[in-house]
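Take a look at the structure below.
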Amino acid sequence: MADWWMGGSLSSPECPPLTPAGFQDVHTMIFVGFGFLMVFLQRYGFSSVGFTFLLAAFALQWSTLVQGFFHSFHGGHIHVGVESMINADFCAGAVLISFGAILGKTGPAQLLLMALLEVVLFGLNEFVLLSLLGVKDAGGSMTIHTFGAYFGLVLSRVLYRPQLEKSKHRQGSVYHSDLFAMIGTIFLWIFWPSFNSAPTTLGDGQHRTALNTYYSLTASTLSTFALSALVGRDGQLDMPILESKLKVQDTCGVHNLHGMPGVLGALLGVLVAGLATHEAYGDGLESVFPLLAKGQRSATSQAMHQLFGLFVTLIFASVGGSLGGLLLRLPFLDSPPDSQCYEDQIYWEVRSPWSCPFTCSSILALQVPGEHEDLAQGPLRAEEPETRA
Amino acid sequence: MADWWMGGSLSSPECPPLTPAGFQDVHTMIFVGFGFLMVFLQRYGFSSVGFTFLLAAFALQWSTLVQGFFHSFHGGHIHVGVESMINADFCAGAVLISFGAILGKTGPAQLLLMALLEVVLFGLNEFVLLSLLGVKDAGGSMTIHTFGAYFGLVLSRVLYRPQLEKSKHRQGSVYHSDLFAMIGTIFLWIFWPSFNSAPTTLGDGQHRTALNTYYSLTASTLSTFALSALVGRDGQLDMPILESKLKVQDTCGVHNLHGMPGVLGALLGVLVAGLATHEAYGDGLESVFPLLAKGQRSATSQAMHQLFGLFVTLIFASVGGSLGGLLLRLPFLDSPPDSQCYEDQIYWEVRSPWSCPFTCSSILALQVPGEHEDLAQGPLRAEEPETRA
Amino acid sequence: MADWWMGGSLSSPECPPLTPAGFQDVHTMIFVGFGFLMVFLQRYGFSSVGFTFLLAAFALQWSTLVQGFFHSFHGGHIHVGVESMINADFCAGAVLISFGAILGKTGPAQLLLMALLEVVLFGLNEFVLLSLLGVKDAGGSMTIHTFGAYFGLVLSRVLYRPQLEKSKHRQGSVYHSDLFAMIGTIFLWIFWPSFNSAPTTLGDGQHRTALNTYYSLTASTLSTFALSALVGRDGQLDMPILESKLKVQDTCGVHNLHGMPGVLGALLGVLVAGLATHEAYGDGLESVFPLLAKGQRSATSQAMHQLFGLFVTLIFASVGGSLGGLLLRLPFLDSPPDSQCYEDQIYWEVRSPWSCPFTCSSILALQVPGEHEDLAQGPLRAEEPETRA
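Residue numbers (the working numbering), protein chains in the order written: chain E, 1 to 389; chain L, 1 to 389; chain H, 1 to 389.
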């Protein structure tokens, strides 16, 4: 069956290869879902979307190579197919999660350097977990969410800015930016069953994943509404400890959005694996836990492997995030000053509407900081001496 | 073939199961299409989308159970599969149509109660029509559109508010809310061929449905442009009779959007069934009108059943809507006062942009009315003594 | 295999017919991608989207007939299927590209007349290239992009307005219109692999196309970021020669967006065809260059045919564009005056928010110019005597 993935030649077409539709939904989530979600910052919309594009375009290519080396390198060639595109998109997803933790506090060159490192570690972690340890992680709770979140959070810790308050006034949202975040949310919600089931094998595994995701989404949506109605204004779900005690400035809240759910998902996976039996899964056991089905491993052993996989992930993420943070502190990079975080104007130039002809796709030209003293408006220039992270 | 639908185990995978793509498009329509369409109200955007999510998340789960009992209850279990997800989405669609009729005039608890009842009646009506009467309703003209519209309209009649004028100034749209309605419209337009063909069998039935929908959409779009150009400003397509004579306050115009087209579609279905022959459909007759193909029913008989199905639907919808309206009038529910209809602030709290960290997905916390006297702005408080529906 | 395309009856279902998902993505691109992209003009948003709908709805139907006559007319019937919908969407794409060149400078009746002609020429050109010359053009570099761009540019030249400066102030974008252009861009980016691979045969051809498009997109995105950072504000990629020397007013910049890339793609296709060998393509040669695989043509001959196909396209586009321009100059048509270009109010009436009931889908009614002297605001009326193109 693995042959279908190889784009070079298709062997027997009895069962059609994975239709590009499975890939398409993953792709929509990465770009519309993630991309729009981060547009909530009131003056950072073009950076949020623009850097999402930049990072994703880079990560997709680099991970095609990295994951290609790990998974499909034969006879001197990396074989690519729909699975390659999906895996690369997943890796880009992890990078965008990390981006969410440091959103607004880095420049594009820093982001590319982060992706350069993170993609390699993602591929390595995924290889260790899935190929060496035989861990199952269909929705990427460990390989995507936990890894991406803690890589980004540790990196954010290393890049801690004590003077970030200078940009506080820009750290919120306004009506139109909220609208975009809402579009992003809706797209993520709609396409999550497809996202989670894309890497699973056609048939039982895919059905099971899609259905489970679908019911989880509806149930958690209702629970969220109920809980927020009960908790109300005073008891909001803030994360004060993260910033004040641990010095982790988490712009998008990736800890509660990806980190904690990722760990929770991994732990539940430990439990579920430990309880897996032939009776519960029927013929489906082979596609969900093949080693159990073949009798090569007990359910308890699988559960232990799952738990170990979580620790391996946390280690790769933390060590990687620390290393990444140190790299990003290199002085010649394009880190914005503390007073100019969450600000589009440092990196984007809005072209005057009277230039002609007006090309639809090149409204904003990416600039490097330092060339825009005149663009920097009065309010920016008049601030206190700036400190750079 | 029905085995594929069963998520428990797949029998022979020679013909691949319905790809989740068919489900995906239906899902996109329900959430982006319906959700965004109702954002046209200038101060009710977050309620429109938020309550769409709430209602849909609830209806999807409840109808999975209800329809599961009707269609796939065997051996003590409800069997679920892609078809379950699609059918649940269709039921949620009918609930959202009803929501459109009373948009802005009810609180979330009332909506959940409405859905609790409506989902049961939807399932019952669908079972009577499709399983008992052998009626064909691929696009849901009767089961979704007619049912949803008249359920909502009768419910709106029971909830008639003579003093609704107090909220009149909020009942319109502004530029940015129109933009969302436009996005919703475009998504509905694009995905309608998939929506209509999702429940049909792969092959002839699906092709026929997708093609017919596609051509209908293009033709009706052109006709609408032509007609509006001819009719112009003075002869606009208003529905004055509905409100002034029949006391039905129909916020979204679901009568002309779903009610009338639903009935028209059902009547055309009567005609088309009456004219069905083996010559016209070829091998496709079996998938479109199986009872005709097997010779168990004449075309005229099928037509009569279709017509009877329309009446059954109207009865379920009217009786259900009346009952629903009476339930929603229960005094302890969260109905907004006449002067505070179409207003987000009663139910949603916008969090200050300076609270941190800012979690992308929890910008608004659902509140219950009564706890927000201080939120209620001057203009709201200064109004005449409020009457409650 | 071609039988599957025929909606009338399906032969053997061993290999499933092209799923509607392939069509769905093309459809999304045409309506959300193209439609939103052209909303960048600050006061022409409703016209951009509205006329996109109008043109597409018309072109889809007319090209179903035209292409039906060319490709699938048997036994007195035009046979339609999923391929018909995809081909019609592609033709609509070419028409929308041409629309981009003259965006803001024509009225709806002119646009319909342009589409009436262009669809016929599109069908003819496509037939000559694909069926007679055996040219390969999977992504439509010649048949869609080159043809659509140069048809529109030549038409724009014939409709040259020396006094267009009078509308200059409306020819730019503002924040909210840029947001829409950005949404359009993102959708086009996401769905391009599906768009390009939709017409190819399932299996090798489709994989190859999707993968190539995917990698091209990521690589060109990175290159664009890099280049714009290097070029910066002074050296922007303007097209001054087009307007000042050649008198082609190209509103959307379709020359650099579709024209030049279309020609470049065609030339690269010439090169690639010339270098095609059995070794390079393996079994895939048959689906990419069938005449080469069967030994009926040499690679060099195929390359020459590809080049000739480019010239045929340019001729059809130029002659067609000239003829179209002359037709559109007919005095009784609805061309806007020079001072009222890029202006929604000539064609659309915004209904007062207090009219009720408010139907979601009919907010704007299409109007014809001349009936709106009172709508034309002071600033419009007070201008110099208007010249009409």
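The beta carbon of each residue, even a glycine, is placed where N, CA and C say it ideally should be.
Helix or strand or just coil, what does DSSP make of residue i?
| i | result |
| --- | --- |
| E:I78 | strand |
| H:P162 | coil |
| L:P336 | coil |
| H:I102 | coil |
| E:A94 | helix |
| E:R170 | helix |
| L:F23 | helix |
| E:Q61 | helix |
| H:F358 | Only weak support exists for where H:F358 lies, its pLDDT of 28 falling under 50; the coordinates are left without a value. |
| H:E343 | coil |
| L:V32 | helix |
| H:T251 | coil |
| E:V39 | helix |
| E:V135 | coil |
| L:A198 | coil |
| L:G140 | coil |
Should residue i go down as buried or exposed, given a rule of 16 or more other Cβ atoms within 10 Å for buried?
| i | result |
| --- | --- |
| H:P290 | exposed |
| H:G172 | buried |
| L:V319 | exposed |
| L:C360 | At L:C360 the pLDDT is 27, less than 50, meaning the model places this residue with poor confidence; the figure from the coordinates comes in the next sentence. So L:C360 ends up on the buried side. |
| L:K294 | exposed |
| H:V403 | Examination of residue 403 of chain H is not possible in this model, given that chain H is present from 1 through 389 alone. |
| H:E165 | exposed |
| L:Q24 | buried |
| H:G22 | buried |
| H:F53 | buried |
| H:A226 | exposed |
| H:T387 | Low confidence applies to H:T387: its pLDDT is 39, below 50, so where it sits in the model is not reliable enough to give any reading. |
| H:L271 | exposed |
| L:Q67 | buried |
| H:Q296 | exposed |
| H:L242 | buried |
| E:E343 | buried |
| H:E118 | buried |
| H:D283 | exposed |
| L:K245 | exposed |
| E:D234 | Residue confidence for E:D234 is low, a pLDDT of 48 falling below 50, so the modelled location carries little weight; the figure read from the coordinates is stated next. Answer is exposed; the Cβ neighbour count stays below 16. |
| E:P331 | exposed |
Using DSSP bridges, identify the partner residues of residue i.
| i | result |
| --- | --- |
| L:F73 | L:I78 |
What residue range is occupied by the uninterrupted alpha helix (DSSP H) comprising residue i?
| i | result |
| --- | --- |
| L:N407 | Any question about residue 407 of chain L goes unanswered here, given that chain L covers just 1 to 389. |
| E:V120 | P108 to E126 |
| H:A280 | H278 to Y281 |
| E:A266 | M260 to G274 |
| L:S322 | A299 to L328 |
| H:P290 | P290 to A293 |
| query | Given a limit of 7 Å on CB to CB distance, which residues of the segment 50 to 69 of chain L reach chain E? | reply | F53, L54, A57, F58, L60 and Q61
| task | Quick one: which residues of the segment 134 to 160 of chain H get their C-beta closer than 8 Å to a C-beta of chain E? List them in chain order. | result | none
| query | What are the residues of the segment 77 to 101 of chain E that lie near chain H, defined by any Cβ-Cβ distance shorter than 9 Å? | reply | V80, G81, V82, S84, M85 and A88
| message | Beta carbons nearer than 7 Å to chain E: which residues of the segment 299 to 324 of chain L have them? | response | none
| query | According to a CB-to-CB cut-off of less than 9 Å, which residues of the segment 210 to 226 of chain H neighbour chain E? | reply | A210, L211, Y214, Y215, L217, T218, A219, S220, T221, L222, T224, F225 and A226
| said: Along the segment 24 to 47 of chain L, where does the CB come closer than 9 Å to a CB of chain H? Name the residues. | reply: Q24, D25, L37, M38, F40, L41 and Q42
| field | Residues from the segment 186 to 197 of chain L in contact with chain H, defined by Cβ distance under 8 Å | value | I186, F187, W189, I190, F191, P193, S194 and S197
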